[in-house]
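Read in order, the letters of the sequence shown correspond to residues 4 to 398 in this note's numbering.
Positions of the beta carbon are idealized from the N, C-alpha and C atoms, including for glycine.
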Amino acid sequence: MNKKYSYGKQTIDADDIKAVADCLASEWLTQGPALKNFEDRLCTRFSAGYASAVSNGTAALHLIGLALGWQPGDVVITTPITFLASANCILYCGATPDFVDIDPVSYTMDLNRLEEKLKDYKKRNVKVKAVVAVDFAGHPCDWDGLQSLAQKYGLQLVDDACHALGAKYKGKEICSCEYADVLALSFHPVKHITTGEGGAVLSNNRDIDLNIKSLRAHGVTKDADRLLKNDGPWYYEMQELGFNYRITDFQCVLGTSQLSKLDYFLSRRRAVAGFYDRAFAGREDFVVPGVVGQVQHAYHLYPLRIRFDRLSITKEDFFRLMSEKDINLQVHYIPVHLQPYYRRRFGFKEGDYPEAERFYLDEVSLPIYPALEADDLEYITSCLHSAVSSGGDRI
Ligand SMILES: *Cc1c(COP(=O)(O)O)cnc(C)c1O
């Protein structure tokens with residue numbers, strides 16, 4: 004049987020399995036020592052002040068919105084080229100989402116357009132509360148630019164860094180939270196490291212972190228310093244409305260084991276990206292992902308643009324031909340503002356964000372994960388070239 008390829012997949016080896024098996028045989032399946040250990044490792048690895056691990060990346064974003072006090076009437080801005088959760092977290096808090104188009108080279112938020120939008124809101128006396136910036140595909144946003152806009156317009160800055168574990172901006176780990184007020188991670192199997200489902204909130208702000216830790220477990224505290232009164236050793240107080248967004252200990256031991264391999268995973272991903280860059284750079288009808296500014300890309304995705312509008316094959320036929328070769332591609336992303344829910348509720352429409360919409364038509368996410376070897380990559384690129392030049396006929 005042929006190998007099957009998809010755009011992303013986990014790398015699990017014997018020591019990951021042993022770590023989970025050992026945990027399953029231990030005293031604690033959840034709320035035990037593995038949680039704190041994983042959080043400590045995240046802080047150490049990225050030089051971040053605080054980490055709170057949670058049940059998934061979407062929960063991380065939801066709790067961030069709550070901890071930052073988003074509420075009805077607040078406007079929060081994100082990018083249309085992202086996973087739904089970057090925008091949905093705004094709705095979970097009752098705030099109003101808006102979007103800013105992408106930069107045509109880095110595919111992250113276009114800060115000239117962001118400032119235009121901020122000026123416009125200011126003129127109308129509407130307060131923009133926060134920006135959820137996404138380091139798309141693993142390419143850091145222009146964080147210096149975001150910081151100066153945040154100062155000028157009084158914005159909270161959230162980094163949706165679910166694609167960017169290990170990415171660097173001006174020589175510094177993006178996950179150090181040097182640039183954003185607070186940052187969200189996901190450990191879904193397609194991401195850099197996995198816990199099955201899982202996520203984390205990173206920050207350098209103790210109050211935010213305490214708030215996240217309370218909100219992930221029903222808003223309940225047993226911390227003597229925070230109790231309004233104390234009836235005895237059994238006593239706890241619910242001081243705000245939280246959720247059950249906890250992560251288990253066996254997920255956390257997997258996360259710790261995976262984190263120790265992050266540098267290897269990153270080097271493999273960068274090698275795969277380098278191969279594709281050489282295979283497609285400068286070729287007519289292809290655009291390889293750009294790297295803008297002093298950044299180190301983490302390549303969660305390899306978003307290749309193919310000018311289907313100039314080729315004799317449609318994107319649909321191209322996907323079908325590649326899947327007949329056991330190469331299952333994906334598109335990242337369908338612009339969020341064009342989802343039926345967002346159109347219906349907020350009136351977004353085609354033409355609102357032309358750069359994002361153009362990108363959606365061209366974009367194809369090629370397979371990128373640590374296990375891909377040179378012969379896999381040669382197979383994938385040669386199938387891709389044959390498909391593109393086939394005019395849609397079977398290859
Ligand atoms: C994966 C992802 C999320 C959410 O992560 P889950 O763990 O699947 O909930 C949020 N934002 C972006 C950009 C992502 O890629």
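How should residue i be labelled, buried or exposed, when 16 other C-beta atoms within 10 angstroms of its C-beta is the threshold for buried?
{"i": "V204", "result": "buried"}
{"i": "V108", "result": "exposed"}
{"i": "N455", "result": "Because the chain spans 4 through 398 in this model, residue 455 falls outside it and cannot be assessed."}
{"i": "I20", "result": "exposed"}
{"i": "D162", "result": "buried"}
{"i": "T33", "result": "exposed"}
{"i": "W73", "result": "buried"}
{"i": "D378", "result": "exposed"}
{"i": "D77", "result": "buried"}
{"i": "D16", "result": "exposed"}
{"i": "K216", "result": "buried"}
{"i": "P236", "result": "exposed"}
{"i": "E243", "result": "exposed"}
{"i": "S326", "result": "exposed"}
{"i": "A227", "result": "exposed"}
{"i": "V185", "result": "buried"}
{"i": "A284", "result": "exposed"}
{"i": "E353", "result": "exposed"}
{"i": "G174", "result": "exposed"}
{"i": "A374", "result": "exposed"}
{"i": "E360", "result": "buried"}
{"i": "S366", "result": "The sequence shown places Glu at residue 366, not Ser. It is buried - the Cβ of E366 has at least 16 other Cβ atoms within 10 Å."}
Between which two residues does the alpha helix (DSSP H) containing residue i stretch?
{"i": "E118", "result": "114–126"}
{"i": "D252", "result": "252–262"}
{"i": "E94", "result": "Sequence inspection shows Leu at residue 94; the Glu mentioned does not correspond to that position. Run containing L94: 88–95, per the alpha helix (DSSP H) assignment."}
{"i": "F49", "result": "36–49"}
{"i": "T61", "result": "60–70"}
{"i": "K21", "result": "17–27"}
{"i": "P343", "result": "343–349"}
Provide the residue(s) that pair with residue i in DSSP beta bridges, ordered along the chain.
{"i": "V134", "result": "I80, L160"}
{"i": "Q299", "result": "K171"}
{"i": "F102", "result": "T81"}
{"i": "M241", "result": "V223"}
{"i": "I330", "result": "Y8"}
{"i": "T33", "result": "T251"}
{"i": "E176", "result": "K171"}
Secondary structure at residue i, three-state DSSP: helix, strand or coil?
{"i": "S55", "result": "strand"}
{"i": "N247", "result": "strand"}
{"i": "N214", "result": "helix"}
{"i": "D234", "result": "coil"}
{"i": "V204", "result": "strand"}
{"i": "I383", "result": "helix"}
{"i": "Y356", "result": "coil"}
{"i": "E287", "result": "coil"}
{"i": "D155", "result": "The sequence shown places Lys at residue 155, rather than the Asp named in the question. Helix, per DSSP."}
{"i": "S389", "result": "helix"}
{"i": "W146", "result": "helix"}
{"i": "G277", "result": "helix"}
{"i": "S109", "result": "coil"}
{"i": "V339", "result": "helix"}
{"i": "Y267", "result": "helix"}
{"i": "G199", "result": "coil"}
{"i": "G395", "result": "coil"}
{"i": "Y363", "result": "helix"}
{"i": "A374", "result": "coil"}
{"i": "R209", "result": "helix"}
Could you spell out where the beta strand (DSSP E) holding residue i opens and where it closes?
{"i": "T317", "result": "Per DSSP, T317 belongs to no beta strand (DSSP E) and is neither H nor E."}
{"i": "L446", "result": "The structure shown has nothing for residue 446, since the chain only spans 4 to 398."}
{"i": "R308", "result": "305–309"}
{"i": "V367", "result": "366–369"}
Are the segment 21–39 and the segment 134–141 touching by the rule of at least three beta carbon pairs closer than 8 Å? no
Touch test, the segment 61–79 against the segment 312–327, Cβ-Cβ under 8 Å, three pairs minimum: no
For the segment 47–62 and the segment 191–202, state whether three or more C-beta atom pairs, one from each stretch, are separated by less than 8 Å. Verdict: yes, contact present.
Taking one C-beta from the segment 356–372 and one from the segment 325–338 each time, how about it: are there three or more such pairs within less than 8 Å? Contact holds: three or more Cβ-Cβ distances are below 8 Å.
Using 8 Å as the cut-off, can you tell me whether the segment 246–266 makes contact with the segment 94–108, which would need three or more C-beta pairs spanning the two stretches below that distance? No: the two stretches stay apart, fewer than three of their Cβ pairs being nearer than 8 Å.
Is the segment 194–203 in contact with the segment 152–170, if contact means three or more CB pairs nearer than 8 Å? yes
Three or more C-beta pairs closer than 8 Å, one from the segment 171–184 and one from the segment 149–162: is that the case here? yes
Should the segment 268–275 be called in touch with the segment 294–302, which here means at least 3 C-beta pairs below 8 Å? A contact exists between the segment 268–275 and the segment 294–302.
Taking one C-beta from the segment 216–226 and one from the segment 238–255 each time, how about it: are there three or more such pairs within less than 8 Å? yes
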